[in-house]
Amino acid sequence: MRTDVDVGAELPTMEQTVGMTGSVMHAGATGDFNPLHYDPEVAARTSPTGGLIAHGMYAMGFASRLVTSWAGGPEHVLEIKMRFTAPWPMGKTAVFGGSVTDVSDRVATVELWGRRADDDKRILKGTAKVRL
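Residues in the sequence shown are numbered from 129 upward in steps of one, following this note's numbering.
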């Protein structure tokens with residue numbers, strides 16, 4: 129459990145490249161078999177990027193892992209709220225990070241984000257509440 133947290137503290141960033149193996153494993157675990165995530169022909173016709181994209185919840189999982197590791201374990205994370213803002217194209221790297229925006233009553237509020245590494249476009253944003 130963290131106790132040394134100040135407003136403005138930055139979480140360490142984490143990079144992840146989305147690939148077909150991870151995408152298919154995620155689809156199997158969640159039951160989300162939308163072909164937008166694994167069928168190049170369907171994705172070419174229907175994807176906002178013209179190609180395969182990662183599941184939104186796959187991206188959220190990395191932001192969740194980031195804050196959970198920073199907090200000292202899942203038992204310290206009280207809440208996570210996330211919004212997906214842009215697609216994460218298959219084969220591309222995203223960077224996940226966050227910063228503490230409030231500390232009160234032994235709870236830190238953390239702003240979380242994920243950005244595509246090649247163009248800095250935000251793919252998700254959200255907040256987490258962490259018990260201190």
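A virtual CB, placed ideally from N, CA and C, is assigned to each residue, including glycine. Nothing here was measured: the structure is a model prediction, and the numbers come from that model.
According to DSSP, what are the bridge partners of Ser175?
In the sequence shown, the residue the question calls residue 175 occupies position 47. According to DSSP, Ser175 bridges with nothing at all.
Is Thr158 helix, strand or coil by DSSP?
Working through the sequence shown from its first residue, we reach residue 158 at position 30. Thr158 falls in the helix class under three-state DSSP.
Going by beta carbon distance, what residues of the same chain come within less than 6 Å of Asp230, once the five residues before and after it are set aside?
The sequence position of residue 230 within the sequence shown is 102, counting from 1. Cβ neighbours of Asp230 beyond the five flanking positions: Thr237.
Sort out for me which residues DSSP pairs Thr127 with in a bridge.
Only positions 129 to 260 of the chain appear in this structure, which leaves residue 127 out of reach.
Where Thr149 sits in the DSSP three-state scheme:
Residue mapping note: residue 149 aligns to position 21 of the sequence shown, counting from 1. Correct three-state label for Thr149: helix.
Taking Cβ to Cβ, would you say Arg259 is nearer than 7 Å to Leu194?
Translated into the one-based positions of the sequence shown, residue 259 becomes position 131. Translated into the one-based positions of the sequence shown, residue 194 becomes position 66. One thing to note: Arg259 has its Cβ no nearer than 7 Å to the Cβ of Leu194.
Of the residues Gly254, Gly219 and Val228, the one placed nearest Arg244, counting alpha carbons only
Start at 1 with the first residue of the sequence shown, and residue 244 comes out as number 116. Looking only at Gly254, Gly219 and Val228, the smallest Cα-Cα distance to Arg244 is reached by Gly219.
Short Cβ contact (7 Å threshold) for Phe190 with Phe224:
Here residue 190 is taken as the residue at index 62 of the sequence shown, counted from 1. Here residue 224 is taken as the residue at index 96 of the sequence shown, counted from 1. Taking 7 Å as the cut-off, the Cβ atoms of Phe190 and Phe224 count as close.
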